Amino acid sequence: MSEFEYLSSLSLGQYLPSGSAIHRVNPGFKLAGYLILILALTLSKQISGLSTEIAFICILLFLSRTPIKFALQGLRTPLPFILLLAVIQLFMVSQRGGEPTYFEWGFLTITRSGIYAAGLLCLRFIGLVLLLTLSSASLSTLEIVHGLDILLSPLSWLGMHTSPVVMTIQIMLRFLPSLAISAEKIAKSQASRGAVWGNRKAGLLQKARQLLPLLVPLFTVSLQQADALANAMLARAYGLRNKRSSLIQYSIKWTDLVFFVLCLTAAFLTLFFNGLTFQF
Amino acid sequence: MPDLIKLEQVSFTYTLAEPENKPALLNISFSIQAGESIALIGANGSGKSTLAKLLNALLLPDSGRVLVSGMDTRERSRQMEIRSQVGLVFQRPQHQIVATTIEEEVAFGPGNLGLPAIEVRERVADALQRTGLDGYRQRPTFQLSAGETQRLALAGILAMQPRCVIFDETTAMLDPQGREMVLRQIAELRKQGIATILITHLMQEAAQAERVIVLFKGEVILDDSPDEVFSGKHNLKALGLDLPPLVYAGDLLRKYIPEIPDNPFRINDLFNSIPKYTGSCSHFDLNAQNIDQNAETCIQIRNLAFTYMRGSPLAHQALKHIDMEVGSGSVQGLIGCTGSGKSTILQHINGLYRPQSGSVQVGEFNLSDKTLDVRALRRKAALAFQQPEDQIFEQYVGDEIAYAPRRLGYSGSLAEIVEKSMRAVGLDFRTYKDRLTSSLSGGEKRKVALASILAVQAEIFLLDEPLSGLDPQAADELLRTLKQLHQKGRTLLISTHQYEEVIPLMENVTVIQQGRDTLHGGTEYIFSQTHALEQNGLKTPLAARIAQQLREKGWPIREQSISFASLEEQLAACPGADKR
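Chains A and B, in that order, are what the protein sequence lines are. Numbering (this note's numbering) for the first sequence: 1 to 280. Numbering (this note's numbering) for the second sequence: 1 to 580.
Below is the structure:
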């Protein structure tokens, strides 16, 4: 891969349109289900609960026809960091009263709570990576927008205008690739005039300094683009009505409810299931 | 029938942008009927875009009234109706896209009108079908080609069911095929009874309209049929405009062929009026001229192939098989449609990409060499990008131009290099060196960008679409600078789709189509290959097409006549041409 292909390193995840049952779930329910699962993963303090959720995510991955290999690829890059953090947890979690110490060397001790904390951390990260792969594979950018629109719509009963928020997110999603393309152009033009790009040996400070001249023209170009887009939107009668109508109208099917209830159950188990107590 | 659009004594002044508060438009009055086709022309800054925005209620007049189907644009409750009746397509279609998929993009306008979902769907289907995009509903918008994006922008407007569509310099950034597509779209809209207003710098396009409105410094100077506007009675040069090339060609030919009509606005009018030759001259052809084999080559590309984002789902093969050579000290053109791979080739020569297969040799540098000194290569072969004014990043003009020599090394004094480079593009060193780059006009920025490439002091200059978006005067200046570089023995490789202007400069040409090199040869040879050029999706220069017509009617014109100068010379030299 070339050092200048920013678009390909833009890892917003990869949408895999397999048309599975998961893909067909109403985007509002899907988005809400995933958000609840993420919340549960982040807050859970139970190893057994986290394991349950990972198992649940794996089932969803299977149902959505996402290749497991593809999901595991996403794990590969962050794995060393996860392990490093786990090792730090392992040694650094302070001893609780009356706990047995399994290993002691200088200030480094391994205690039961250390092992537990390290295990929690590993599971949490693995679960998050798998869940993010699942959500990006089964939610297109368009569905994210529609999903948000559906989720936020109750707010409009309170008299709040939610569609500008959703529109902003939609434009942001649409602008990310073009921002990457602009950045690529500017970086190339600087490199061709002698700037050092893609130098692996460059220190952190040097790398930051290389970025600075990239940001200035990127801002200018983005502002120009934003201005042009605003004009184009206004010219197509945007903002003259409070309520826009949309192309696709989603109905609520019983499968949507099943999916959502399953997600809720999984989240509940993740937070409160403590069936297996670990004995050391 | 009431007027579709009516302007009554409209004046408009930008309060923020213009410090002296010069009005952008002054006392404009005219009206537009349903189904009319209008061209709006005028030099840069004459107020064309401002006028377009007034018609669509994006701007409101300071004084006077704009009425669309009898509705005043100042009545806010009517603006939605006005904006759906008067659609605006802007210059860079890729900056007008709101949504992430084609279908959603087209649904944006009808959605804003609050139409029921079923009608939105019907309108989307109809607009996609009319623009030939119905097969691509779910495609992500950022993956579209320039031509497809242009069609999408129009589809988004058509879904609003407008009665008038304004194309605001839509053709400026497109290649000849893209421009023709827009003109076809306009003709199609006309058939459907939709009024069109084309804002353009190209007089040939303006001549196709039923009516031409000329703006100069915010005022309507002329409002008449193209016959009248381009009749030669009006001094268009003083208004920053010119005659259409066909009218120019007609005037030239008429000196020798009196049958040529006064204002040939369509190429067939001109062709049909050429009579059969009855004189006694016979023509002689030069031998097919090819690249001078004896010249030393400084760029050699063999078997080059390249795929963007190789190994990802977005992989796209830009180059399939390229073989080409550039002679030392020559000027070579690289021509082909948008997306044919021209830019990718130039970026290989500059070392921004390395060959994935095949080889690129630039002087002593082999691009496949792992230990290649990229900076030395870039000092030898400097690359000027497309629209380089978007890539200016230093705060001061002087620093911007000194950027490359500072990093790539230089001989002599830095200040002198900067001064020389600025002089070469017509910028005064003292006036400009401490100017803020952000305060420059578009034309000045383009000059600074070019000077910053000249400052590399390279032997080879790679120029990617150097003429795109330049007005005729700025283009002339640039061509003069390039000529000087050539006279100093530099090698120039110019990628362009506006090749008609560069023809006098080019010696050799390579034609690229879909990642393959399809034609090589001397400029005269290549541009007289009418058929082969068309197969490559390119247009033959006007002079060459006229030469071919003349030949077909028996006129003694050499095959490789591609410039008006050469045509005139041959017509004048041939006794009997004017006294048949």
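All C-beta atoms in this analysis are idealised placements derived from N, C-alpha and C, irrespective of residue type, glycine included. In this text the structure is predicted, and so the values were computed from the model without any measurement.
Is it buried or exposed, residue i, if we count other Cβ atoms within 10 angstroms and call 16 or more buried?
i, result
"B/Val326", "buried"
"B/Cys574", "buried"
"A/Gln249", "exposed"
"B/Val425", "buried"
"B/Ala415", "exposed"
"B/Ala288", "Because B/Ala288 carries a pLDDT of 48, less than 50, the predicted location of this residue cannot be relied on, and the following value inherits that uncertainty. By the 10 Å Cβ count, B/Ala288 comes out exposed."
"B/Thr15", "exposed"
"B/Val331", "buried"
"A/Phe290", "Given a span of 1 to 280 for chain A in the structure shown, any question on residue 290 of chain A remains unanswerable."
"B/Leu58", "buried"
"A/Ala267", "buried"
"A/Pro17", "exposed"
"A/Tyr238", "buried"
"B/Asn290", "Caution applies to B/Asn290, whose pLDDT of 49 falls short of 50 and renders its modelled position unreliable; the value that the coordinates give is listed next. Exposed, by the Cβ-count rule."
"B/Asn44", "exposed"
"B/Leu7", "buried"
"A/Asp149", "buried"
"B/Glu75", "exposed"
"B/Arg211", "buried"
"A/Gly194", "buried"
"A/Asp256", "buried"
"B/Asn112", "buried"
"B/Thr278", "exposed"
"B/Lys342", "buried"
"B/Ser411", "exposed"
What does DSSP give as the partner residue(s) for residue i in the beta ladder?
i, result
"B/Ala424", "Answer by DSSP bridge pairing: none, since B/Ala424 is not bridged."
"A/Cys122", "The partner list for A/Cys122 (beta bridge, DSSP) is empty, contrary to what the question assumes."
"B/Leu215", "B/Val220"
"B/Ala384", "B/Leu463"
"B/Ile32", "B/Ile5"
"B/Ile140", "Before going on, a small fix: residue 140 of chain B reads as Pro here, not Ile. Answer by DSSP bridge pairing, in chain order: B/Thr101."
"A/Ser153", "DSSP lists no partner for A/Ser153."
"B/His321", "B/Arg516"
"B/Ser495", "B/Leu334 and B/Asp464"
"A/Asn107", "The sequence as given places Phe at residue 107 of chain A; Asn does not occur at that position. For A/Phe107, which the question treats as bridged, DSSP gives no partner whatsoever."
"B/Arg65", "B/Glu8"
"B/Tyr396", "B/Leu436"
"B/Arg302", "B/Ser359"
"B/Ile38", "B/Ile197 and B/Arg211"
"A/Tyr116", "None, per the DSSP bridge assignment."
"B/Asp72", "B/Leu67"
Taking residue i as the reference, which of the options has the closest Cα?
i, options, result
"B/Ile256", "B/Pro556, B/Ile562 and B/Gln560", "A small correction: the amino acid at residue 256 of chain B is Tyr; Ile does not occupy that position in the sequence shown. Residue B/Pro556 is the option with its Cα nearest to B/Tyr256."
"A/Leu31", "A/Leu223, A/Thr141 and A/Phe56", "A/Thr141"
"A/His23", "A/Pro177, A/Leu205 and A/Leu134", "A/Leu134"
"B/Asp535", "B/Leu542, B/Gln548, B/Ala544 and B/Leu519", "Per the sequence shown, the amino acid found at residue 535 of chain B is Gln instead of Asp. Minimum Cα distance to B/Gln535 is reached at B/Leu519."
"B/Gly351", "A/Leu43, A/Ser189 and A/Val216", "A/Ser189"
"B/Val106", "B/Val212, B/Glu75 and B/Arg139", "B/Arg139"
"B/Ala153", "B/Gly87, B/Phe527, B/Thr200 and B/Glu119", "B/Gly87"
"B/Ala475", "B/Pro176, B/Leu505 and B/Glu569", "B/Leu505"
"B/Val502", "B/Ser468, B/Leu59 and B/Asn263", "B/Ser468"
"B/Arg302", "B/Ser280, B/Thr437, B/Val360 and B/Pro258", "B/Val360"
"B/Phe365", "B/Ile157, B/Lys380 and B/Ser357", "B/Lys380"
"B/Arg644", "B/Asn56, B/Thr297 and B/Glu103", "Outside the displayed range of chain B (1 to 580) lies residue 644 of chain B, so it cannot be described from this structure."
"A/Asn242", "A/Ser178, A/Val165 and A/Thr265", "A/Val165"
"B/Asp517", "B/Ser340, B/Ser438 and B/Arg375", "B/Ser340"
Quick one: measure Cβ to Cβ for residue i and residue j, integer angstroms, because I've assumed they're closer than 8 Å.
i, j, result
"B/Leu4", "B/Ala195", "6 Å"
"B/Leu493", "B/Leu346", "7 Å"
"B/Thr344", "B/Leu319", "6 Å"
"A/Leu43", "A/Leu229", "No, A/Leu43 and A/Leu229 are not in contact; Cβ-Cβ is about 39 Å, not under 8 Å."
"B/Asp418", "B/Ala449", "Residue identity check: residue 418 of chain B is Val in the sequence provided, not Asp. At roughly 14 Å, the Cβ-Cβ gap does not stay under 8 Å, so B/Val418 and B/Ala449 are not in contact."
"B/Gly35", "B/Gly193", "5 Å"
"A/Gln89", "A/Leu123", "Their Cβ separation, rounded to whole angstroms, is 12 Å, which puts A/Gln89 and A/Leu123 out of contact at 8 Å."
"B/Leu158", "B/Thr131", "7 Å"
"B/Ser273", "B/Glu259", "5 Å"
"B/Ile221", "B/Ser49", "Not quite, the Cβ-Cβ distance comes to about 17 Å (not below 8 Å), so this is no contact."
Using a Cβ cut-off of 7 Å, pull out every chain C residue sitting near residue i, in sequence order please.
i, result
"A/Thr141", "No chain C is present in this structure, whose protein chains are A and B."
task = Give, in chain order, every unbroken run of the beta strand (DSSP E) that is at least 3 residues long and sits entirely within the stretch 151–205 of chain B.
result = 164–168 and 195–199
task = Only counting runs of 4 or more residues, tell me where the alpha helix (DSSP H) segments fall wholly within the stretch 170–254 of chain A, in order along the chain.
result = 204–235
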